[in-house]
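Below is one structure, written out as structure tokens; comments come after it.
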Amino acid sequence: MLGDAQSFTLQEAPIMAVERTLSIIKPDATKRNLTGKINAKFEDAGLRIVAQKRIQLTMAQAGQFYIVHKDRPFYGELCEFMASKPVVVQVLEGEGAILKNREVMGATNPADAAPGTIRAEFAESVGENSVHGSDAPETAAEEIAYFFSGLELVG
Ligand code: UDP
Ligand code: MG
4 MLGDAQSFTL
14 QEAPIMAVER
24 TLSIIKPDAT
34 KRNLTGKINA
44 KFEDAGLRIV
54 AQKRIQLTMA
64 QAGQFYIVHK
74 DRPFYGELCE
84 FMASKPVVVQ
94 VLEGEGAILK
104 NREVMGATNP
114 ADAAPGTIRA
124 EFAESVGENS
134 VHGSDAPETA
144 AEEIAYFFSG
154 LELVG
């Protein structure tokens, strides 16, 4: 029946929304000259870099960015690490970009990260794990606005 065929097609080919997500290449990676290798993985996965800048965070800026973790035991060390050397902050765009970025990054702890992921290949430890990625649409919007104005998102 035509109706069945149509619903089958829709189920097999779900329409994914084009999303934007915040990515940070962390100090352990910028220090080791890994920016290009990391971004090749994002681009190979179909993610487009639509905004990008290299900056060095102050402790206050790192602390505010990771404020959600303020009661965790690693918070102080995390902020010091993030402010220790330059980072590359960037916006990645693509279909399902938030989840796709997290997949390309791999698990937080590199020991648990799937082969071929950025963290499996490059991360030094659970703390110095080369990349940050937003975890949901709300945090992606907040984190992008923390670093970029609308005028800086150039597509
Ligand atoms: N982190 C850490 N120790 C931990 C867990 C996290 O130093 O036990 C650091 C690590 O750099 C991580 C960041 O805190 O990337 C934020 O933690 P989250 O759980 O949000 O992991 P992510 O979203 O980065 O995978
Ligand atoms: Mg997180």
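The opening position of the sequence shown corresponds to residue 4 in my numbering, with each subsequent residue numbered one higher. Cβ atoms here follow ideal geometry from the backbone N, Cα and C, with glycine treated the same way. Predicted, not measured: the structure shown is a model, and the values here were computed from it.
In chain order, Ile27, Ile28, Lys29, Pro30, Thr33, Arg57, Ile58, Gln59 and Leu60 place their CB closer than 8 Å to the CB of Val90, counting only its own chain and leaving out the 5 sequence neighbours on each side. Contact between Ser137 and Thr24 is confirmed by a C-beta separation of about 5 Å, below the 8 Å threshold. In this structure, the straight-line span from the alpha carbon of Lys40 to that of Asn104 is close to 15 Å. Excluding sequence positions up to five before and after Gln55, its CB lies within less than 8 Å of the CB of Val91, Val92, Gln93 and Val94, all in the same chain and listed in chain order. In the structure shown, Gln55 falls within a strand segment according to DSSP collapsed to helix, strand and coil. The alpha helix (DSSP H) runs lying completely inside the segment 65-131 and spanning 4 residues or more are 78-85, 100-108 and 121-125, given in chain order. Scanning its chain for C-beta atoms nearer than 7 Å, with the 5 sequence neighbours on each side dropped, one finds around Tyr149 the residues Phe68, in chain order.
Between the alpha carbons of Gly158 and Gly99 lies a gap of roughly 16 Å. In the three-state reduction of the DSSP assignment, Thr61 falls in the coil class. An exposed status is given to Met19, since fewer than 16 other beta-carbon atoms sit within 10 Å of its beta-carbon. For the pair Ala123 and Asn112, the Cα-to-Cα distance works out to about 9 Å.
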